[in-house]
Every structure is written in structure tokens, then in C-alpha cells.
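Q: Going down the list, the sequences are from chains A and Y.
Be aware that the first sequence starts at 6, since it is given in my numbering, and climbs by one per residue.
Be aware that the second sequence starts at 49, since it is given in my numbering, and climbs by one per residue.
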Amino acid sequence: DTAVSQTPKYLVTQMGNDKSIKCEQNLGHDTMYWYKQDSKKFLKIMFSYNNKELIINETVPNRFSPKSPDKAHLNLHINSLELGDSAVYFCASSQRTVSNEKLFFGSGTQLSVL
Amino acid sequence: DAKTTQPTSMDCAEGRAANLPCNHSTISGNEYVYWYRQIHSQGPQYIIHGLKNNETNEMASLIITEDRKSSTLILPHATLRDTAVYYCIVPKRSGGYQKVTFGTGTKLQVIP
Numbered sequence: 006d007t008a009v010s011q012t013p014k015y016l017v018t019q020m021g022n023d024k025s026i027k028c029e030q031n032l033g034h035d036t037m038y039w040y041k042q043d044s045k046k047f048l049k050i051m052f053s054y055n056n057k058e059l060i061i062n063e064t065v066p067n068r069f070s071p072k073s074p075d076k077a078h079l080n081l082h083i084n085s086l087e088l089g090d091s092a093v094y095f096c097a098s099s100q101r102t103v104s105n106e107k108l109f110f111g112s113g114t115q116l117s118v119l
Numbered sequence: 049d050a051k052t053t054q055p056t057s058m059d060c061a062e063g064r065a066a067n068l069p070c071n072h073s074t075i076s077g078n079e080y081v082y083w084y085r086q087i088h089s090q091g092p093q094y095i096i097h098g099l100k101n102n103e104t105n106e107m108a109s110l111i112i113t114e115d116r117k118s119s120t121l122i123l124p125h126a127t128l129r130d131t132a133v134y135y136c137i138v139p140k141r142s143g144g145y146q147k148v149t150f151g152t153g154t155k156l157q158v159i160p
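#1: Can you confirm whether residue 100 (chain Y), when its beta carbon is compared against all beta carbons of chain A, has any partner nearer than 8 Å?
#2: So, helix, strand or coil for residue 35 (chain A), using DSSP?
#3: For residue 68 (chain A), name the three-state secondary structure that DSSP assigns.
#4: Which partner residues does residue 4 (chain A) have in the DSSP bridge list?
#5: For the candidate residues A:9, A:14, A:21, A:33, whose alpha-carbon lies nearest to that of residue 89 (chain A)?
#6: Contact criterion: CB-CB distance below 8 Å. Does residue 52 (chain A) meet it with respect to chain Y?
#7: For residue 69 (chain Y), decide whether its Cβ has a neighbour in chain A, counting only Cβ atoms nearer than 8 Å.
#8: Note down the Cα distance separating residue 98 (chain Y) from residue 110 (chain Y), rounded to an integer number of angstroms.
#9: Tell me the DSSP secondary structure of residue 111 (chain A) in three-state form.
#10: Where does residue 43 (chain A) sit, in a helix, a strand or coil, going by DSSP?
#11: Between residue 53 (chain Y) and the rest of its own chain, which residues show a CB-CB distance below 6 Å, the 5 nearest in sequence each way excluded?
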């Protein structure tokens, strides 16, 4: 079983559309994240949720709205897509501890905005 | 975050040990050093982490200097599948939560 799974793997859409990316983890972790990797391969944190509560919210346009229906799921909804939103989006999860908080990543969703 | 500095790229011959250095001179006494890698087109993968003692697991060894200002990740017998970008990270903790920020990492090329 895949520990952190994202769908879809590829997403091609037109500017102005609204789209969602889904993420699920079966590791029993309490914290989930969204990262964005742009064309220059820079991996940047966007959001983090702990037990459905938003704990990290970087300077991301409010067109991006994460939603966590339960601690095993963290979805990302993007409104009014722009060309600059084209990137690979990675979901990750971890179990909150002081000394051993490893991140487990999904395989990514490649978003192309035309 | 405690800033980390890594070489941009390194080459290693297949079968030899790959030693990847990282400087983290501003690390605090209770902050851990984590290493992740990203193989082309895949999600980042956790490798190893440590506080002040050297650590070893099935993937790699981590050597941390006594003053904790630098560390070295060692892949004892590099294979072609170890070609990847390797990230040395010192997560920031705030309010009991960690924030893992990726830098530019070291691009390791394992050469046949």
C-alpha cells in the first residue's frame, strides 16, 4: 500500500479554471503538508495541518485553499488558475514528535496551466 | 531555520563512498539535522537524522562534528540509483510544530 497517495498524478487545465488535488495518508500521522516545486526545482512549503487544524500558512495567494476533512486527508483547491501555478505539488505527512519527525512524501501532482 | 550550506554538486564513482558535507554553524543545542534526497521526478525521501551522536541506518551514516556546526552524510557504496539531490535540513520548531524548509541541496551524480 502506498503510504502517501496523491491524485491526480498529472493535471492539465486552462487558465482561469478551478481544480483540486487530493492527498491521503495511511500512516496514522497527525500532520500533513503541501509543498510546491517550481520549474527551477525549488521546493517550498505552502501549508501544514495538524489534526485538521491549520498550523503553517506561508505567503500563498488566497486562491489556494487547503481543506482537511480528517487527519488522514489534506486536499488542495486552487481557484482561477494562472500560468505561474504550473508546478509539481507534493503532499507529505509526519507524526508530531520532538526528536523523530520524519516527513513522508507522495509522488507528486504535475500541474500544467495552459 | 538554522541556515545550511551545501556544495551545489558532486560526483562519485560507482561503488565508492559518497561523502556529502553540510555546514550549519547557527544550529541551536536542541535542533536536529535531517537529510532527505530527491531522485528525479519523485517525492523527497527521508534518509537519516541526528542530534549530536553519529547515526547509521540501512541507507547511510551521519557524522556530526563535536561542535555540531557541520555534518557529513556518507553513502558507503554509491550506486547509480543514488544519483539525486541531497538536502541537509535543520527544521525550525515553533509552538511545538516543525517547519521543514528545503534549500538548493547537493546534486550528486554517481558515475559508472
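Glycine included, C-beta positions come from ideal geometry on N, C-alpha and C.
A: Based on what the coordinates show:
#1: no
#2: coil
#3: coil
#4: In the structure displayed, chain A extends from 6 to 119; residue 4 (chain A) sits before or after that span and is not available.
#5: A:21
#6: no
#7: no
#8: 7 Å
#9: coil
#10: coil
#11: 71
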